[in-house]
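Residue numbers (mature numbering (1 follows the signal peptide of the UniProt record, and there is no 0)): -22 to -1, 1 to 260.
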């Protein structure tokens, strides 16, 4: 945040200098040009840059409407950041709170609200599928639960960054089903709330004796297939990478390694390190 604040401050100073020089210190011209630049940036989705230009415009205009453009763009910028941080309910509320402004601001607001709404609805749908899988597992129908989870993990959208947290939750449920454990997911309320849905974290009993053999068979076959989009080859490579760093992975299951691989991908690097493990402590 400090870096962003410094960047905005620097950009503001440069913008002020540029417009003042270009417009011959004519306040009205400076304000109009700054608003125009703000409109251009906000349409492109660069809310931070737009806010900077609107701030410049407000310094050279006595118009109360112009002075309000900066706060509107700032709110859209905050809403966009919250969306990227999985705080979808809060993001939607802040985006909707923006009223009026230039045509560009109004258009950008509608576009962002629509984007957050779609992302929130998709997250809710994914969480609903996890709930269905949990209910099936609770009823002793492990095969049905695994089918639901496998279908969910096969969805291309859930493999994208906006739904990363839900993907991890589904992966953990799948691992517990394959291991014959109770079908539970972490009771991390912030994770589910940030995705705009209150996903159930109810527990389910492990499969009865009649279904245990099929569960064991599924677990065996899963060792040779992909885990939530992470292939066995990637898991093997990750173990090798960790071993080369002197890390003992013998106590980590394939699902643990798979989550580390996903974390590495999220962090933008191919080689898995110990810091990618969720239980790693520096």
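Even glycine gets a Cβ: it sits at the ideal position worked out from N, Cα and C.
Neighbour-count burial assignment, residue 125, 16 or more Cβ in a 10 Å radius: exposed
Span of the alpha helix (DSSP H), counted from its first residue to its last, around residue 18: 5 to 21
Please report how far the alpha carbon of residue 14 lies from the alpha carbon of residue 46, in whole angstroms. 15 Å
Candidates 150, 223, 222, 246: which alpha carbon is nearest residue 232's? 150
Excluding the 5 residues flanking residue 5 on each side, which residues of the same chain have their C-beta closer than 6 Å to its C-beta? 38
Under a three-way DSSP split, which group does residue 248 fall into? coil
Could you name the residues of the same chain whose beta carbon sits closer than 6 Å to that of residue 96, not counting the 5 residues immediately before and after it, in chain order? none
Please list, in chain order, all residues of the same chain as residue 200 whose beta carbon is under 7 Å from its beta carbon, the five residues on each side excluded. Low confidence applies to residue 200: its pLDDT is 41, below 50, so where it sits in the model is not reliable enough to give any reading.
Answer with buried or exposed for residue 16, where buried requires no fewer than 16 other C-beta atoms within 10 angstroms of its C-beta. buried
At the level of alpha carbons, what is the spacing between residue 105 and residue 133? 13 Å
Leaving out five residues before and five after residue 60 in sequence, what residues of the same chain have Cβ atoms less than 8 Å from its Cβ? 66, 68, 69, 72
To the nearest angstrom, report how far apart residue 120 and residue 77 are at their CA atoms. 50 Å
Beta-carbon contacts of residue 130 that lie in its chain and below 8 Å, excluding the five residues immediately before and after: 104, 107, 108, 111, 136, 148
Same chain, Cβ closer than 6 Å to residue 123, five either side skipped, listed in chain order: 111, 114, 115, 155
In angstroms with no decimal places, state the Cα-to-Cα distance between residue 223 and residue 215. 13 Å
Rounded to the nearest angstrom, what separates residue 54 and residue 98 at their Cα positions? 17 Å
Taking residue 107 as part of the alpha helix (DSSP H), name the residues at either end of that continuous run. 81 to 116
Classify residue 239 as helix, strand or coil using the three-state DSSP reduction. helix
Does the beta-carbon distance from residue 40 to residue 48 come in below 8 Å? no
Could you tell me which of 80, 221, 218, 142 sits nearest to residue 245, measuring between CA atoms? 142
Between the alpha carbons of residue 80 and residue 86, how many angstroms are there, rounded? 10 Å
In chain order, what residues of the same chain lie with their CB nearer than 7 Å to the CB of residue 220, ignoring the 5 residues before and after it? 227, 250, 252
Specify the secondary structure class of residue 208 as computed by DSSP and reduced to three states. strand
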